[in-house]
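**Student:**
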Amino acid sequence: MIENYMEKIHAYIDDNRNDMIKDWEILVRMEDHFEEVKNVQKVCAWIKEKFEEMGFECHVEDVGDGWAGTLVGIWGKDRPGKPVIFSGHMDTVQKSGSFGDNPFLVKEGNVYGPGVLDMKGGIIIAMYVIKALQEIGFDERPIKIIFSGDEEYNHITTTGAEVFKREAKGALCAFNMESGNLNNALTVQRKTSNTVHMKVIGVGGHAGNNFLIGKNAINEAAYKILEMLELTDLEKGTYMNTSIIKGGSGSCAIPELCEVVFNIRLASGDESERVCREVERIMGKSQIEGTKIEYTIDKSQLPAYQKTESIEHLLNFVNDVATENGFEPFGGIAVGGASDAGNIIAVGTPVLCACGVRGQYHHSANEFAVIESLYERTKIFAAVVCNLSKFE
318 MIENYMEKIH AYIDDNRNDM IKDWEILVRM EDHFEEVKNV QKVCAWIKEK FEEMGFECHV
378 EDVGDGWAGT LVGIWGKDRP GKPVIFSGHM DTVQKSGSFG DNPFLVKEGN VYGPGVLDMK
438 GGIIIAMYVI KALQEIGFDE RPIKIIFSGD EEYNHITTTG AEVFKREAKG ALCAFNMESG
498 NLNNALTVQR KTSNTVHMKV IGVGGHAGNN FLIGKNAINE AAYKILEMLE LTDLEKGTYM
558 NTSIIKGGSG SCAIPELCEV VFNIRLASGD ESERVCREVE RIMGKSQIEG TKIEYTIDKS
618 QLPAYQKTES IEHLLNFVND VATENGFEPF GGIAVGGASD AGNIIAVGTP VLCACGVRGQ
678 YHHSANEFAV IESLYERTKI FAAVVCNLSK FE
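When we follow the working numbering, the leftmost residue of the sequence shown carries the number 318, and every step to the right adds one.
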């Protein structure tokens with residue numbers, strides 16, 4: 318154990334508060350919706366350069382044509398012991414320009430902007446945890462980073478999930494630096510999701526002259542929506558949401574086409590398979606004769622992150638370190654969103670999620686993060702890494 322480690326960590330973070338905010342601002346102002354591949358690549362290059370300056374050996378794993386890749390790096394790879402991982406993603410859901418001319422706004426102790434919470438603040442925490450550890454001479458074990466460039470796409474047609482599983486396997490533990498909760502609870506359970514894209518093809522015509530021969534695609538879609546709503550099962554943790562409806566061309570026309578997108582949140586892989594069978598049944602029969610149904614099911618490659626004894630043990634350990642050093646203990650909560658924590662625990666590596674800055678309203682125009690949480694969580698997780706010999 319490094320002598321007076323917490324005192325030294327406090328001093329380093331307090332002395333570098335301005336630099337942490339500046340780096341956070343640079344990263345947020347580099348807007349990068351997950352489909353804006355060149356923008357995500359620019360963010361990846363900036364993060365890669367920063368970690369390489371800190372002595373990391375980094376490379377970008379290809380996950381498929383048309384995607385930015387996953388950044389993987391390691392510091393101290395020849396040290397004994399299993400590595401600890403800081404993970405997450407570099408992409409955001411907001412398209413460039415969606416926050417106007419000032420995508421980084423500081424107001425009343427909070428900062429607003431695209432990805433400021435989800436999850437660029439978490440990347441800055443990981444960066445400065447390691448900077449603080451280097452400042453105090455930490456050399457106990459390897460430290461690894463894994464940051465995806467297509468997480469917000471759920472890795473649906475990429476190999477991003479496989480990269481995460483391969484790189485996370487065999488680690489001591491991991492901290493997924495996703496958006497933190499305002500109530501200071503870490504996430505210990507998440508859902509997975511399936512997205513259903515449905516197209517109803519009918520027979521168009523004049524609403525008066527062709528009423529008897531027309532086949533109304535919107536009406537058929539309405540029947541399907543009502544059937545899909547029946548998939549919601551609160552006891553099983555299954556939520557079915559109708560997300561998008563497109564159809565119709567005018568008030569006097571029978572619509573010949575209607576497109577609907579459904580998003581289904583699920584608590585386990587078994588429930589996902591059951592629901593997929595139900596979707597196949599629902600889509601297999603039209604209520605209005607003469608309409609045709611086409612559909613696809615996109616299964617998220619962010620599997621359900623289910624609480625285990627190892628996750629409970631890791632949370633208790635982190636709370637012990639936090640309280641020993643004067644910080645409030647974290648709660649543990651289950652949430653509806655998915656993350657790569659599911660891929661990490663899938664290979665047996667205990668992981669805590671939502672370890673990034675605290676805030677609210679991610680994925681929206683109101684997204685914000687609490688500035689003070691940037692400093693506080695950097696201190697806590699630096700202390701946690703210093704104490705990992707007690708976790709083994």
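Here a beta-carbon is modelled for each residue, glycine too, at the ideal position from N, C-alpha and C.
As the structure is a computational prediction, the values presented were derived from the model and not from experiment.
Does DSSP put H680 in a helix, in a strand, or in coil?
**Tutor:** Position 363 of the sequence shown, counted from the start, is the residue given in the question as residue 680. The answer is coil: DSSP assigns H680 none of H, G, I, E or B.
**Student:** Inspect the CB distances between the segment 507-519 and the segment 695-705 and report whether three or more fall short of 8 Å.
**Tutor:** Taking 8 Å as the limit for Cβ pairs, the verdict is that the segment 695-705 does not touch the segment 507-519.
**Student:** Where do the N-terminal and C-terminal ends of the beta strand (DSSP E) with K609 fall, by residue?
**Tutor:** One-based indexing of the sequence shown puts residue 609 at position 292. From DSSP, the beta strand (DSSP E) with K609 extends over 609-616.
**Student:** Using a Cβ-Cβ cutoff of less than 7 Å, which residues in the same chain neighbour S656 once the five nearest sequence positions on both sides are dropped?
**Tutor:** Sequence index remark: in the sequence shown, residue 656 carries index 339 (1-based). Closer than 7 Å at the Cβ level, and outside the excluded window around S656, lie N493, E495, R507, L619, Y622, C670.
**Student:** Could you tell me if Q411 is buried or exposed, where buried requires 16 or more neighbouring beta carbons within 10 angstroms of its beta carbon?
**Tutor:** As a first step, residue 411 is located in the sequence shown; it is residue number 94 there, counting from the start. Q411 is buried by the Cβ-count criterion.
**Student:** From T608, L434, N558, Q604, pick the residue whose C-alpha is nearest to that of E573; which is it?
**Tutor:** Here residue 573 is taken as the residue at index 256 of the sequence shown, counted from 1. Of the listed residues, the one whose Cα sits closest to E573 is T608.
**Student:** Curious, which full-length alpha helix (DSSP H) runs of at least 4 residues does the segment 583-645 contain?
**Tutor:** As far as the segment 583-645 is concerned, its whole alpha helix (DSSP H) runs of at least 4 residues are 586-600, 626-641.
**Student:** How would you write the range of the alpha helix (DSSP H) that M337 sits in, first residue to last?
**Tutor:** Along the sequence shown, read from residue 1 onward, the residue named residue 337 stands at position 20. Note, M337: alpha helix (DSSP H), 334-346.
**Student:** How many angstroms separate the CA atom of S415 from the CA atom of Y470?
**Tutor:** Numbered from 1 along the sequence shown, position 98 holds the residue referred to as residue 415. Numbered from 1 along the sequence shown, position 153 holds the residue referred to as residue 470. Cα-Cα distance, rounded: 18 Å.
**Student:** What are the start and end residues of the alpha helix (DSSP H) that includes E374?
**Tutor:** To locate residue 374, count along the sequence shown from 1; it is residue 57. Unbroken run through E374 is the beta strand (DSSP E), 374-378; no alpha helix (DSSP H).
**Student:** Could you tell me which residues DSSP puts in a beta bridge with R507?
**Tutor:** Counting from 1 along the sequence shown, the entry for residue 507 is found at position 190. Paired residue(s): Y622, V652.
**Student:** Which runs of the beta strand (DSSP E), 3 residues or longer, sit entirely within the segment 427-486?
**Tutor:** 427-429, 460-465, all fully within the segment 427-486.
**Student:** Let's see if you can read the secondary structure: which residues bound the beta strand (DSSP E) around F403?
**Tutor:** Counting from one through the sequence shown, the residue named residue 403 turns up at place 86. Run containing F403: 401-406, per the beta strand (DSSP E) assignment.
**Student:** With DSSP as the reference, label F647 as helix, strand or coil.
**Tutor:** On the sequence shown, residue 647 is found 330 positions in, with the first residue counted as 1. In this structure, F647 counts as coil in the three-state DSSP scheme.
**Student:** Tell me whether R582 is buried or exposed, calling it buried when 16 or more other Cβ atoms sit within 10 Å of its Cβ.
**Tutor:** Along the sequence shown, read from residue 1 onward, the residue named residue 582 stands at position 265. Classification of R582: buried, given that the 10 Å Cβ count is 16 or more.
**Student:** By how many angstroms is the C-alpha of E366 removed from the C-alpha of D456?
**Tutor:** Locating residue 456 in the sequence shown gives position 139, where the first residue counts as 1. Locating residue 366 in the sequence shown gives position 49, where the first residue counts as 1. Distance between the alpha carbons of D456 and E366 is about 22 Å.
**Student:** With DSSP run on the structure shown, which of helix, strand or coil describes N493?
**Tutor:** Residue numbering aside, residue 493 sits at position 176 when the sequence shown is read from its first letter. Note: N493 maps to strand in three-state DSSP.
**Student:** Would you kindly work out how many angstroms separate the C-alpha atoms of D336 and G390, rounded to a whole number?
**Tutor:** Locating residue 336 in the sequence shown gives position 19, counting from the first residue. Locating residue 390 in the sequence shown gives position 73, counting from the first residue. Taking the straight line joining both Cα atoms gives about 22 Å.
**Student:** Does DSSP put S706 in a helix, a strand or coil?
**Tutor:** Sequence index remark: in the sequence shown, residue 706 carries index 389 (1-based). Three-state result, S706: helix.
**Student:** Using the Cβ count rule (16 or more neighbours within 10 Å means buried), how would you classify R598?
**Tutor:** In the sequence shown, counting from the first residue as 1, residue 598 sits at position 281. Counting Cβ neighbours within 10 Å, R598 comes out exposed, since fewer than 16 surround it.
**Student:** Looking only at its own chain, which residues have a Cβ that is under 8 Å from the Cβ of N353, when we skip the five neighbours before and after it?
**Tutor:** Counted from its first residue, the sequence shown places residue 353 at position 36. Going by the sequence as given, residue 353 is Glu instead of Asn. Same-chain partners within the cutoff: K412, S413.
**Student:** Mind checking V423: buried by the 16 CB within 10 Å criterion, or exposed?
**Tutor:** If you number the sequence shown from 1, residue 423 lands on position 106. The residue is exposed, with fewer than 16 neighbouring Cβ atoms inside 10 Å.
**Student:** Please classify C569: is it buried, with 16 or more other beta-carbons within 10 angstroms of its beta-carbon, or exposed?
**Tutor:** Position 252 of the sequence shown, counted from the first residue, corresponds to residue 569. So C569 counts as exposed.
**Student:** Could you give the DSSP three-state label for T666: helix, strand or coil?
**Tutor:** Translated into positions along the sequence shown, residue 666 becomes position 349. Here T666 sits in coil by DSSP.
**Student:** Measure the C-alpha to C-alpha separation of D668 and G654 and round it to an integer number of angstroms.
**Tutor:** Here residue 668 refers to the residue found at position 351 when the sequence shown is read from its first residue. Here residue 654 refers to the residue found at position 337 when the sequence shown is read from its first residue. Note that residue 668 corresponds to Val in the displayed sequence, not to Asp. Straight-line Cα distance between these residues: approximately 16 Å.
**Student:** Do N427 and A686 have their beta-carbon atoms positioned less than 8 Å apart in this structure?
**Tutor:** By one-based count along the sequence shown, residue 686 stands at place 369. By one-based count along the sequence shown, residue 427 stands at place 110. A contact, by the Cβ cut-off of 8 Å.
**Student:** Could you give the first and the last residue of the continuous beta strand (DSSP E) run that contains A686?
**Tutor:** Working through the sequence shown from its first residue, we reach residue 686 at position 369. 685-687 is the extent of the beta strand (DSSP E) around A686.
**Student:** Hey, would you say I442 sits closer than 8 Å to G601, going by beta carbons?
**Tutor:** Within the sequence shown, the letter at position 125 stands for residue 442. Within the sequence shown, the letter at position 284 stands for residue 601. Not closer than 8 Å, so no.
**Student:** When the Cβ atoms of the segment 500-514 are set against those of the segment 623-638, are three or more pairs found closer than 8 Å?
**Tutor:** Segments in contact, yes.
**Student:** Rounded to whole angstroms, what's the CA-CA distance from G417 to L546? Just pull it up for me.
**Tutor:** Taking the sequence shown and counting its residues from 1, one reaches residue 417 at position 100. Taking the sequence shown and counting its residues from 1, one reaches residue 546 at position 229. Cα-Cα distance, rounded: 37 Å.
**Student:** I believe L497 touches R334 by the beta-carbon criterion, under 8 Å. Please report the beta-carbon distance rounded to the nearest angstrom.
**Tutor:** For this step, residue 497 is matched to residue 180 along the sequence shown. For this step, residue 334 is matched to residue 17 along the sequence shown. At residue 497 the sequence reads Gly, which differs from the Leu that was named. Rounded, the Cβ-Cβ distance is 18 Å, inconsistent with contact.
**Student:** List the endpoints of the continuous alpha helix (DSSP H) containing M545.
**Tutor:** Residue numbering aside, residue 545 sits at position 228 when the sequence shown is read from its first letter. Unbroken alpha helix (DSSP H) run through M545: 534-546.
**Student:** On the DSSP letters alone, give me the boundaries of the beta strand (DSSP E) that K563 sits inside.
**Tutor:** By one-based count along the sequence shown, residue 563 stands at place 246. It spans 556-564 - the beta strand (DSSP E) in which K563 sits, taken as one unbroken run.
**Student:** If you measure between the beta carbons of G466 and A385, is that distance less than 8 Å?
**Tutor:** Translated into the one-based positions of the sequence shown, residue 466 becomes position 149. Translated into the one-based positions of the sequence shown, residue 385 becomes position 68. In contact: G466 and A385 (Cβ atoms closer than 8 Å).
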